[in-house]
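Colleague:
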Amino acid sequence: MRYKLSIDRTVNRLVPHYLSGRKFILFVQSCLYPLQRTNEWFRSFTRERHIEARMTSQVIYFEWFLNYRFGKYIK
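With this note's numbering, letter number 56 in the sequence shown gets 108, and the count goes up by one each step, no holes.
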């Protein structure tokens, strides 16, 4: 995915080797959890906006036509 931010891998790469104890890495990862949640929200936001940007009038009319035509089978 385009905007994926892997907190675990980033922390493991950026923590110096002399501080790389398991408890310290878990502590840093837990401190960065709000950043991970914000990144997940941003990814879902960009996914929705990308879908909205691709909806041209032609696509909207075609979707309406398909819903009109096959709506009785879906409901």
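Think of the CB as a built atom: it goes at the ideal place given N, C-alpha and C, for glycine as much as any other residue.
As the structure is a prediction and not an experimental result, all values here were calculated from the model.
Can you tell me the Cα-Cα spacing of F79 and W93, whole angstroms?
Modeller: Working through the sequence shown from its first residue, we reach residue 79 at position 27. Working through the sequence shown from its first residue, we reach residue 93 at position 41. If I take the Cα positions, the gap works out to 22 Å.
Colleague: Report the option in K75, L71, L84, P68 whose CA atom is closest to the CA atom of L57.
Modeller: Along the sequence shown, one-based indexing puts residue 57 at 5. The shortest Cα separation from L57 among K75, L71, L84, P68 belongs to L84.
Colleague: Rounding to the nearest angstrom, what Cα-Cα distance links H69 and Y55 in this structure?
Modeller: Taking the first residue of the sequence shown as 1, we reach residue 69 at position 17. Taking the first residue of the sequence shown as 1, we reach residue 55 at position 3. C-alpha separation (whole angstroms): 28 Å.
Colleague: With DSSP run on the structure shown, which of helix, strand or coil describes Y55?
Modeller: Within the sequence shown, the letter at position 3 stands for residue 55. Of the three classes helix, strand and coil, the one that applies to Y55 here is coil, per DSSP.
Colleague: In three-state DSSP terms, what is S109?
Modeller: Your numbering for residue 109 matches position 57 in the sequence shown. Of the three classes helix, strand and coil, the one that applies to S109 here is helix, per DSSP.
Colleague: How far does the alpha helix (DSSP H) with V67 in it reach, from first residue to last?
Modeller: For the purposes of this step, residue 67 is taken as the residue at position 15 of the sequence shown. No alpha helix (DSSP H) contains V67, which DSSP labels as neither H nor E.
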